[in-house]
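Numbering (this note's numbering), first residue to last: 28 to 317. A quick write-up on the structure given underneath.
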């Protein structure tokens with residue numbers, strides 16, 4: 028699979044049986060027809076069904092239908108996933124098929140007629156046959172049900188000291204977390220909702236600049252998985268532009284570390300780290316600005 032495409036697993040949920048849902052295949056470790064027992068969890072959210080032991084790991088079980096629609100699924104079909112430094116099994120009602128489509132086919136939920144700007148959606152995939160598949164923001168769902176993964180950048184201090192940083196992420200929750208971190212590190216921030224928004228804002232900066240843009244915006248921080256324009260395409264656009272190429276770029280992702288590091292470095296990112304690790308993101312920024 029090229030960096031221009033996304034492989035997505037299509038599935039269904041009990042709360043919306045006529046709707047297609049999708050998840051990035053790189054986040055799925057295994058499709059589990061669950062026979063193991065489920066033990067009670069400390070988390071009391073109604074969508075957390077408990078925890079189960081999978082290959083010597085204790086993994087929380089989230090009923091996706093309950094989390095999104097308030098309708099329990101009561102199935103034994105799980106998607107065991109790894110993302111954002113955690114393992115979670117999501118209970119679904121049916122697995123359909125694997126598809127591979129261009130990143131550009133994923134549009135923000137707000138841009139599709141009939142969809143509101145749902146906090147649980149990353150975007151909507153337009154499939155080759157014209158049908159739509161809702162790409163759930165499982166990072167945000169897991170944070171809402173289980174609580175955020177701990178990790179604060181405590182040792183980086185005021186490393187940005189008033190520098191302007193442009194950052195891009197389509198997830199509202201992630202933008203809040205990244206913006207809070209950048210502010211703690213002393214940055215002025217330019218917030219972008221996806222890669223295309225970032226390109227447009229950088230183009231405006233180029234138009235308005237009386238000197239090199241890198242003097243005003245020395246650092247870009249970007250997610251990888253975004254609608255309209257993904258992080259790989261954004262990095263290539265910046266690094267290939269003579270007026271922008273000197274900008275340092277940190278990419279973060281909820282995909283596995285090996286996949287993220289290899290693909291991110293190939294497209295020109297200066298640092299690639301795991302998503303939602305404040306300390307790792309702070310350390311990467313400190314390495315680049317010093």
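Beta carbons: idealized from backbone N, C-alpha and C, even for Gly.
Note on geometry: alpha-carbon atoms of residue 210 and residue 83 lie some 39 Å from one another. For residue 270, the secondary structure class from DSSP, reduced to helix, strand or coil, is coil. For residue 53, no beta strand (DSSP E) run applies, since DSSP gives it neither H nor E. Each of 230, 128, 80 and 277 was checked against the Cα of residue 115, and the nearest Cα belongs to 80. Cβ contact annotation for residue 154 (same chain, cutoff 7 Å, sequence separation greater than five): 126, 128 and 160, in chain order. Take residue 232, set aside five residues on each side of it, and the residues of its chain with a beta-carbon closer than 6 Å to its own are 240, in chain order. When the Cα atoms are used, residue 215 and residue 193 turn out to be separated by approximately 9 Å.
For residue 124, the enclosing beta strand (DSSP E) covers residues 121-129.
Residue burial annotation: residue 51 is buried, with at least 16 other C-beta atoms found within 10 angstroms of its C-beta. For residue 280, the enclosing beta strand (DSSP E) covers residues 275-280. Between residue 95 and residue 40, the beta carbon gap of about 7 Å places them in contact (Cβ cut-off 8 Å).
As the crow flies, the alpha-carbon of residue 57 is around 6 Å from that of residue 106. Between the C-alpha atoms of residue 98 and residue 290 there is a straight-line separation of about 38 Å. Shown here, residue 154 sits in coil according to DSSP, grouped into three states, outside any helix or strand. In the three-state DSSP reduction, residue 210 falls in the helix class (H, G or I). In this structure, the CA atom of residue 45 is about 38 Å from the CA atom of residue 299.
The criterion of a C-beta distance shorter than 8 Å is satisfied by residue 165 and residue 54. DSSP places residue 167 in the helix class (H, G or I) of the three-state scheme. CA-CA distance, residue 92 to residue 78, rounds to 17 Å.
Comparing C-alpha distances from residue 33 to each of 131, 275 and 111 shows the shortest one belongs to 131.
The beta carbon of residue 101 lies closer than 7 Å to none in the same chain, with the five residues before and after it left out. Around the beta-carbon of residue 73, fewer than 16 other beta-carbon atoms lie within 10 Å, marking it exposed. Under the criterion of beta carbons closer than 8 Å, residue 222 and residue 261 qualify as touching, at roughly 4 Å.
A distance below 6 Å between beta-carbons, with the five flanking residues on each side excluded, links residue 61 to the following residues of its chain, in chain order: 103 and 105. 8 Å or more divides the Cβ of residue 85 from the Cβ of residue 118. Counting along the chain, the unbroken alpha helix (DSSP H) around residue 223 starts and ends at 222-235.
With respect to the C-alpha of residue 312, the residue from 246, 253, 251 and 267 having the closest C-alpha is 246.
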